[in-house]
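Read left to right, the sequence shown gives residues 1 to 128 (the numbering used here).
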Amino acid sequence: MTTVITVCDTCRRDGWETTDSTRADGEVLLEILGEPRQRTPRPGVAVRRMSCLMGCSHACNVAIQARGKFCYTLGRFEPESEAATAIVDYAALHALSGAGLVPFRQRPQGGVGHVVTRHPPLPEDPQT
Ligand code: FES
Numbered sequence: 001m002t003t004v005i006t007v008c009d010t011c012r013r014d015g016w017e018t019t020d021s022t023r024a025d026g027e028v029l030l031e032i033l034g035e036p037r038q039r040t041p042r043p044g045v046a047v048r049r050m051s052c053l054m055g056c057s058h059a060c061n062v063a064i065q066a067r068g069k070f071c072y073t074l075g076r077f078e079p080e081s082e083a084a085t086a087i088v089d090y091a092a093l094h095a096l097s098g099a100g101l102v103p104f105r106q107r108p109q110g111g112v113g114h115v116v117t118r119h120p121p122l123p124e125d126p127q128t
């Protein structure tokens, strides 16, 4: 099952307005992650974009999601290749996990301290 990295392409970190950048930090991070390719070089991991994941104060934000698994919002990333590598490594571990759980000890170094939210998988019948 594919784990999808949803990158907020409108994230701007604190102080962005004082830089010379003409592009949002999230747009830069998305480019580093390989968009518009739908698949990263890692098996079972894909990338897509969305404007605003509603976690703006934690920019840059990404969501790590797959059907039937725990899903995460990771934030506070710099729009740099080291962060992109950590995000893809985290997603690859998520893809390998049946439940979507990425144990703390296995988290890539660059992914430690970036979990903003965690969501349990929905039950088969969401009314239960
Ligand atoms: S602009 Fe990225 S979460 Fe709102």
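Just so it is clear, CB atoms sit at the ideal spot from N, CA and C, and this is done for glycine as well. No experiment lies behind these values; they were computed from the predicted model shown.
- V47 has I5 as its beta-bridge partners, per DSSP.
- Residues of the same chain with a CB within less than 8 Å of the CB of A66, apart from the 5 flanking positions on each side, are M1, T2, T3, V4, H94, A95 and G100 in chain order.
- Here R76 is not near V7, since their CB atoms are 8 Å or more apart.
- Closer than 7 Å to some heavy atom of the ligand FES: that does not describe the Cβ of L33.
- Residue selection by CB proximity (closer than 6 Å to any heavy atom of the ligand FES) returns C8, T10, C11, G26, C52, L53, M54, G55, C56, A59 and N61 in chain order.
- Excluding five sequence positions before and after E82, the CB atoms of its chain that fall closer than 6 Å to its own CB belong to G110, given in chain order.
- Checking the DSSP bridge columns, you'll see V116 has no partner listed.
- Ranked by Cα distance from Y72, the options A91, E124 and C52 are led by A91.
- Scanning its chain for C-beta atoms nearer than 8 Å, with the 5 sequence neighbours on each side dropped, one finds no residue around T19.
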